[in-house]
Amino acid sequence: MINDKKVLFSGMQATGNLTLGNYLGALKNWLTLSDEYECFYSVVDMHSITVRQDPATLRKRARALLTLYIAAGLDPRKNCIYYQSHVSGHAELSWILSCFTYMGELNRMTQFKDKAAKHADNINAGLFTYPVLMAADILLYQADVVPVGIDQMQHLELTRDIAIRFNNVYGDVFTIPEAYVGKVGAKIMSLQDPVKKMSKSDENPNGSIYLMDDPDTIMRKCKRAVTDSESCVAYRDEQPGLKNLINIYCACTEKTPDEAVKEFEGRGYGELKAAVGESVVSILKPLQDEVKRLEKDKAYIDSIIKENAQKAGYYAAKTLRKVQRKVGFPDRIR
Ligand code: TRP
């Protein structure tokens, strides 16, 4: 608990461009969480280097992501939005936890197997111990809840196992985190293949709307969205392309699918697509304007980065000192 609130921790990688799916499905729903939870949102740049990165690009993207979170409305004085690499406790705790994690457990991680297959020329030890660093992220802040996608569930389970194992030896050191299942955001699918989730790593750029796409690009991608040949506006699983467009429209306009179907009944798909495009522009344009405004305010963003690194560092140090004592490291002489 921090300030009588439960702690929420989430990490995000600054690799790839965030999509409309990330925004409507996750980010937008996080705005109200800071009332209920003490929230930490870490830009996990240390995780990013498990695959080769261009240094300048990584630095730029990390800052862009941090700025985007603020632009989306997360108050950076209530939500601790910070860089993982600015708090050395992540690496320190990660080492200790790695001594409480079995090779066999890490060998079972499906993300490791996938990434090892994808980067066969660079299967480094960091890629293997990636889940331990993630466990350190979460446990360092004594997080109660972690909003994660289904792909990260296995890592969260491992985090719990490590924490329970540690607690069994040393007493109640770590809070055992749980997956955060809150109000689920809209699930946005690819515009080109509407049975697949809209993804920042899609090879087809027309499948995803990126948060920084300009209005023309957004309109073009919506107009080119794959639909069907039924020529009838309906909201049903048999017409996944249309269903996805209606979901996007509803998420952007706060209308219900019924209202949307009524609005477009008897009208062509072209009109629906144009309206979807406009609804997306109407929510992304203000977000982009705010990003641009914040980017110009270098001093403000810098001050946030500094303050939040200190805040995160304070809580991290508390846990780390306790863990170091428990495992038998000598006390510091002051
Ligand atoms: N591995 C997560 C992902 O790729 C990112 C991450 C790192 C994370 N540390 C975390 C997520 C801690 C939640 C909590 O999406």
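No gaps in the numbering here: position 73 of the sequence shown is 193 in our numbering, and each next residue is one more.
Glycine included, every Cβ here is placed at the ideal spot set by N, Cα and C.
Model, not experiment: these values are computed from the prediction.
Taking the Cα positions, residue 289 is about 10 angstroms away from residue 447.
Relative to the ligand TRP, residue 164 has its C-beta within less than 7 angstroms of a heavy atom. Apart from sequence neighbours up to five positions away, the residues of its chain that approach residue 306 with a beta-carbon distance below 7 angstroms are 144, 145, 367, 371, ordered along the chain. Taking the CA atoms as reference points, residue 299 sits about 16 angstroms from residue 256. Straight-line spacing of the CA atoms in residue 445 and residue 433 works out to 18 angstroms.
Cα atoms of residue 157 and residue 149: separation of roughly 13 angstroms, rounded to the nearest angstrom.
The alpha-carbon of residue 318 is positioned some 7 angstroms away from that of residue 327.
Between residue 199 and residue 154, the C-beta spacing is below 8 angstroms.
Taking 4 residues as the minimum length, the alpha helix (DSSP H) runs contained wholly in the region 335 to 382 are 335 to 343, 360 to 373, in order along the chain. As computed with DSSP, residue 129 is found in a beta bridge with 160. For residue 240, no pairing in a beta bridge is given by DSSP. Proximity to residue 247 across 259, 258, 263, 229 peaks at 229, based on C-alpha coordinates. Of the candidates 308, 283, 201, 382, the residue whose Cα lies closest to the Cα of residue 219 is 283. Taking all protein chains shown into account, residue 338 has 16 or more neighbouring C-beta atoms within 10 Å of its C-beta and is therefore buried. Rounded to the nearest angstrom, the gap between the Cα atoms of residue 262 and residue 214 is 14 angstroms.
Here residue 378 has 355 as same chain residues with Cβ atoms under 8 angstroms from its own Cβ, once five neighbours each way along the sequence are excluded.
Going by DSSP, residue 122 is part of no alpha helix (DSSP H) at all; its letter is neither H nor E. Taking a C-beta distance under 8 angstroms as the contact criterion, residue 209 and residue 437 qualify as a contact pair. Within the chosen limit of 7 angstroms, the ligand TRP reaches the beta carbon of residue 132 through at least one heavy atom.
With respect to the 8 angstroms criterion, residue 251 and residue 278 are classified as neighbours on the basis of their beta carbons. DSSP places residue 332 in the coil class of the three-state scheme, outside both helix and strand. Within the chosen limit of 7 angstroms, the ligand TRP does not reach the beta carbon of residue 353 with any heavy atom. Taking each of 274, 236, 384 in turn and checking the Cα distance to residue 170, the smallest one comes out for 236. Residue 130 counts as buried, since at least 16 other C-beta atoms from the protein chains shown sit within 10 angstroms of its C-beta.
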